[in-house]
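2 protein chains.
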Amino acid sequence: MASQRGEGETTTTPVEPADRERARAIPEAAVARLAVYLRVLSGMSDQGVTAVSSEELSQAAGVNAAKLRKDLSYIGSYGTRGVGYDVEVLVSHIERILGLTRSHSVAVVGIGNLGHALANYGGFPGRGFPVTALFDVDPDLIGIPVGGIPVNHIDEITEVCLEREVSIGVIATPPPAAQSVCDRLVSAGVQCILNFAPVVLQVPDNVEVRKVDLAVEMQILSFHVARRADEAAGVSAGIDSAGNNGLGVDGMVIRP
Amino acid sequence: MASQRGEGETTTTPVEPADRERARAIPEAAVARLAVYLRVLSGMSDQGVTAVSSEELSQAAGVNAAKLRKDLSYIGSYGTRGVGYDVEVLVSHIERILGLTRSHSVAVVGIGNLGHALANYGGFPGRGFPVTALFDVDPDLIGIPVGGIPVNHIDEITEVCLEREVSIGVIATPPPAAQSVCDRLVSAGVQCILNFAPVVLQVPDNVEVRKVDLAVEMQILSFHVARRADEAAGVSAGIDSAGNNGLGVDGMVIRP
DNA sequence: CCGACTTTGTGCATGCGTTCACAAGCGGTA
DNA sequence: TACCGCTTGTGAACGCATGCACAAAGTCGG
Chain U
1 MASQRGEGET TTTPVEPADR ERARAIPEAA VARLAVYLRV LSGMSDQGVT AVSSEELSQA
61 AGVNAAKLRK DLSYIGSYGT RGVGYDVEVL VSHIERILGL TRSHSVAVVG IGNLGHALAN
121 YGGFPGRGFP VTALFDVDPD LIGIPVGGIP VNHIDEITEV CLEREVSIGV IATPPPAAQS
181 VCDRLVSAGV QCILNFAPVV LQVPDNVEVR KVDLAVEMQI LSFHVARRAD EAAGVSAGID
241 SAGNNGLGVD GMVIRP
Chain G
257 MASQRGEGET TTTPVEPADR ERARAIPEAA VARLAVYLRV LSGMSDQGVT AVSSEELSQA
317 AGVNAAKLRK DLSYIGSYGT RGVGYDVEVL VSHIERILGL TRSHSVAVVG IGNLGHALAN
377 YGGFPGRGFP VTALFDVDPD LIGIPVGGIP VNHIDEITEV CLEREVSIGV IATPPPAAQS
437 VCDRLVSAGV QCILNFAPVV LQVPDNVEVR KVDLAVEMQI LSFHVARRAD EAAGVSAGID
497 SAGNNGLGVD GMVIRP
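Residue numbers (the numbering used here), protein chains in the order written: chain U, 1 to 256; chain G, 257 to 512.
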């Protein structure tokens, strides 16, 4: 990196302006894939692999080789033509772009089944995401340590988040509580939220929300099951004995 | 539906050929949003709302109104111009397209923290996804009921899945076991897999995989934290006392 | 030192998804 | 019945992401 820039910097800023522009320009979809490449690369590194070609890496990551190269080009050109990429070099540059050189303190709100699972996830895979605060409303849970962290009451969310410099909030509450919890997190200065509650959160523009919605995932799969069934029925159209083909007769189905 | 078709059918198939073509044509992204609309509509229905405009619904679902109308148009035209949509009608048509008129039997593999949480999720929100089988390798878990279902040994996966007609497999195992579990599910005839393990699964073309990857989600959020920090540093470029701006000095950081 | 081979990085075309803007259609009202 | 205002449904333009194909650039063997 330091070696391959050099076009006149007019500011006195010590950080690379080019990095900021680059980071801003990376497509969202590419960011998600970079995280996958990072995991694959880390695995390779652990196994002692030191070099890798775009072809190998792309196959391990389950993507097109050209796409992988384009994704990597967003963060700079760290490959060697005719050879490939140095695993360690790629790892460190992806980590830098993803902001993993800082560790991000995480708070989990809602210590039910899912909250327990998250709190015990063990510093989050690929570490750099220490869970430093847990919240719930249930008086029986307050003070109980889960995964080594004692649970605080949700009313303390602002003070605790500020004190522990929480930068990512994870919402694992029942749906009705989610928006209220979200609002409190936001007012505590949390700007990134990972939402497991099946609710569409309303947040100000400066807050980033990502949602993980199990019901939606299941329903997408269901759609594909149905599509497949339809296709199967379509291939043997009219041959299959009438009736049982995933859609109700006439396609009209009133739910019970 | 039944009332608004009628253009000459040349086959003797009782299901709508138009439905199949339509379903095939729905963009993946739209399917995911349809699931969200369905949840919002169900909520409205529960609150006694019977009619809704695209504007209202789009706001509740957090999307653009035009996009919502286009999404709904993929499944047919069930609105009334000048009025809006009937909530119940939309609900039933979205359910039909998503294949929710059949219930889809779910198997969860890997009964750790996350597996427990999933098994107890209560038939999965928005129901229609009964968990009917649980698997693990730990002998201490075999036979123990979790969420009402006794845990089977993973070696029984084929028989049990076939017997209980599992159509969706959920992988919640440690990473190293995921591919092997996936292969077993596939050979047991499961064609849809929801993967929580941070691993890129290799599957045949006829199997649909969706992955939920917490580490990737966190890293995407981390990227946005870093981008924000950079922007903040950029706005006050050079004014901010040198150093602490999310990127290491010179943008070059070697991980420990 | 040179030429052949390998692999990266990227310009370009293609396709998909989103957004805009408006005509078509429907209910209400006089 | 005829008009008016409202909302849907969609054609068309735009923008982003993907995939291709090739030039640039490096290594290795002779």
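Virtual Cβ for every residue (Gly too), placed ideally from N, Cα, C.
Just so we're clear, the structure is a prediction, and the values are computed from it rather than from any experiment.
CA-to-CA distance, residue j to residue i, given in whole angstroms
i	j	result
Gly62 of chain U	Val36 of chain U	9 Å
Ser333 of chain G	Ser298 of chain G	19 Å
Ala489 of chain G	Lys67 of chain U	31 Å
Ile358 of chain G	Asp486 of chain G	Rather than Ile, the amino acid found at residue 358 of chain G in this sequence is Arg. Roughly 49 Å separates the two Cα atoms.
Leu477 of chain G	Arg289 of chain G	21 Å
Val442 of chain G	Cys417 of chain G	10 Å
Ala30 of chain U	Val49 of chain U	24 Å
Ala498 of chain G	Asp46 of chain U	Residue placement at Ala498 of chain G is poorly supported in this model, since its pLDDT is 30, which falls under 50; the coordinates still yield a value, given next. If you take the alpha carbons of Ala498 of chain G and Asp46 of chain U, they lie about 35 Å apart.
Asn462 of chain G	Ala433 of chain G	22 Å
Arg440 of chain G	Arg164 of chain U	44 Å
Ile75 of chain U	Ala482 of chain G	14 Å
Pro454 of chain G	Pro430 of chain G	8 Å
Ile26 of chain U	Ile367 of chain G	37 Å
Thr11 of chain U	Arg69 of chain U	Here the model assigns Thr11 of chain U a pLDDT of 32, short of 50, so the residue's position is not dependable and the matter cannot be decided.
Gly425 of chain G	Leu450 of chain G	6 Å
Glu208 of chain U	Gly99 of chain U	15 Å
Ile427 of chain G	Phe452 of chain G	6 Å
Glu415 of chain G	Ala444 of chain G	8 Å
Leu370 of chain G	Leu470 of chain G	12 Å
Ser58 of chain U	Ala51 of chain U	13 Å
Glu217 of chain U	Phe223 of chain U	10 Å
Leu210 of chain G	Gln191 of chain U	With chain G covering 257 to 512 only, the question about residue 210 of chain G has no answer from this structure.
Val109 of chain U	Ile97 of chain U	28 Å
Ser180 of chain U	Ala321 of chain G	25 Å
Leu457 of chain G	Gly143 of chain U	40 Å
Ser423 of chain G	Ser309 of chain G	35 Å
Gln219 of chain U	Met44 of chain U	35 Å
Glu56 of chain U	Ser73 of chain U	17 Å
Val345 of chain G	Gly335 of chain G	9 Å
Val212 of chain U	Leu397 of chain G	28 Å
Arg484 of chain G	Glu28 of chain U	14 Å
Asp71 of chain U	Ala316 of chain G	34 Å
Cys182 of chain U	Arg210 of chain U	12 Å
Pro204 of chain U	Pro460 of chain G	43 Å
Val296 of chain G	Val40 of chain U	38 Å
DSSP bridge partner residues for residue i (one or two, in chain order)
i	result
Arg466 of chain G	G:Leu450
Asn152 of chain U	U:Phe135
Thr336 of chain G	G:Gly340
Ser105 of chain U	U:Val166
Pro401 of chain G	G:Pro406
His427 of chain G	According to the sequence as given, residue 427 of chain G is Ile; it is not His. G:Val365, G:Asn451, per the DSSP bridge assignment.
The ligand NAP heavy atom lying under 7 Å from the CB of residue i
i	result
Gly128 of chain U	The ligand NAP is not among the ligands present in this structure, which contains no ligands whatsoever.
Query raised in the report: According to a CB-to-CB cut-off of less than 7 Å, which residues of the segment 440-451 of chain G neighbour chain U?
Result: Gln447, Cys448, Leu450
Query raised in the report: For the segment 411-434 of chain G, which residues have a beta carbon sitting closer than 7 Å to at least one beta carbon of chain U?
Result: Ser423, Ile424
Requested in this report: Mind checking the segment 470-493 of chain G against chain U and listing, in chain order, the residues whose C-beta falls within less than 8 Å of any C-beta there?
Outcome: Leu470, Ala471, Val472, Glu473, Met474, Gln475, Ile476, Leu477, Ser478, Phe479, His480, Val481, Ala482, Arg483, Arg484, Ala485, Asp486, Glu487, Ala489, Gly490, Ala493
**Report entry** Interface residues of the segment 129-147 of chain U facing chain G [CB-CB below 8 Å]
**Finding:** Phe129
Query raised in the report: Which ranges would you report for the alpha helix (DSSP H) in the segment 289-332 of chain G if only whole runs of at least 4 residues count?
Result: 310-317, 321-330
Requested in this report: Report yes or no: do three or more beta-carbon pairs, one from the segment 127-146 of chain U and one from the segment 86-105 of chain U, lie closer than 8 Å?
Outcome: yes
Requested in this report: Compile a chain-ordered list of the residues in the segment 336-365 of chain G whose CB is closer than 8 Å to at least one CB of chain U.
Outcome: Val347, Ser348, Glu351, Arg352, Ile353, Leu354, Gly355, Leu356, Thr357, Arg358, His360, Val362
Query raised in the report: If we count Cβ pairs, one from each stretch, closer than 8 Å, do we get three or more for the segment 77-89 of chain U versus the segment 107-122 of chain U?
Result: no
Report task. Answer yes if the segment 88-95 of chain U comes into contact with the segment 136-148 of chain U, meaning at least three C-beta pairs across the two stretches below 8 Å, and no otherwise. Result -> no
Query raised in the report: Three or more C-beta pairs closer than 8 Å, one from the segment 152-169 of chain U and one from the segment 132-139 of chain U: is that the case here?
Result: yes
Query raised in the report: When you check each C-beta in the segment 291-324 of chain G against every C-beta of chain U, which residues fall closer than 8 Å?
Result: Ala291, Val292, Leu294, Arg295, Val296, Ala316, Ala317, Gly318
Report task. Quick one: which residues of the segment 452-463 of chain G get their C-beta closer than 9 Å to a C-beta of chain U? List them in chain order. Result -> Pro454, Val455, Val456, Leu457, Gln458, Asn462
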